[in-house]
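K.L.:
Residue numbering for the sequence shown follows the numbering used here, starting at 3 and increasing by one per position. Glycine included, C-beta positions come from ideal geometry on N, C-alpha and C. Below you will find the structure I want to go over with you.
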Amino acid sequence: MSAFFPLVIAVKNSQEDHEKPIDEDEVTDAHRKAYDEGNASGLSANSLGSAAAMQVLKQFTSGGKSGGSQTELISLAMAEATKLFDKSGGASSGNKQDAVNGAAMTVMKLLVQSKFGGGGGSIIGGAQSGGLSGLMSLASQFAK
């Protein structure tokens, strides 16, 4: 968890970025470039992170991942961003930490925008969770 702490500080310190809603078209476009076209190196580190977050969300909703908490989903997105950054040889601008921060920020915003609420609660269900149906609905919005 100690590696997660600097990210939390970075997210809290970037209030302006935190308050901007997710640009669905931008995230979808970044995901297409990174995963469908294999052109992640042409993306900024933040866009690369967003693409990684979308990939984790797609894997989760397609049955590739099961169970887990919001924190786990964020961790998976951070790991995917690291893997994508390394695989692509870097980003057009920004560093690996920027990509990891971008992935975490994207997942957190998606969770908030889909009204998942409840810190660290289960994504699959729970009183304060949007549940799997909420996540499926969110994923379908991005798959247009």
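So what's residue 125 in DSSP terms, helix, strand or just coil?
P.N.:
The residue you call residue 125 lines up with position 123 of the sequence shown. For residue 125, the pLDDT reaches just 44, beneath the cut-off of 50, and the residue's location in the model is therefore unreliable, although a value from the coordinates is still provided. In this structure, residue 125 counts as coil in the three-state DSSP scheme.
K.L.:
So for residue 71, helix, strand or coil by DSSP?
P.N.:
Along the sequence shown, read from residue 1 onward, the residue named residue 71 stands at position 69. Correct three-state label for residue 71: strand.
K.L.:
Hey, out of 55, 61, 114 and 64, whose CA is closest to residue 104's CA?
P.N.:
Indexing the sequence shown from 1 puts residue 104 at position 102. The shortest C-alpha separation from residue 104 is found at 55.
K.L.:
If residue 86 and residue 36 are in contact, beta carbons under 8 Å, what's the gap, nearest whole angstrom?
P.N.:
As a position in the sequence shown, residue 86 is number 84, starting the count at 1. As a position in the sequence shown, residue 36 is number 34, starting the count at 1. Residue 36 and residue 86 do touch by the CB rule: their CB atoms are close to 6 Å apart, below 8 Å.
K.L.:
Per DSSP, what are the beta-bridge partners of residue 46 in this structure?
P.N.:
If you number the sequence shown from 1, residue 46 lands on position 44. In DSSP, residue 46 forms a bridge with 95.
K.L.:
Should residue 77 be labelled buried (16 or more other beta-carbon atoms within 10 Å of its own) or exposed?
P.N.:
The sequence position of residue 77 within the sequence shown is 75, counting from 1. Burial call: buried.
K.L.:
Within a Cβ cutoff of 7 Å, which residues of the same chain sit near residue 24, ignoring the five residues on either side of it in sequence?
P.N.:
Here residue 24 refers to the residue found at position 22 when the sequence shown is read from its first residue. Excluding residues within five positions, the ones whose Cβ falls inside 7 Å are 108, 111, 112 and 115.
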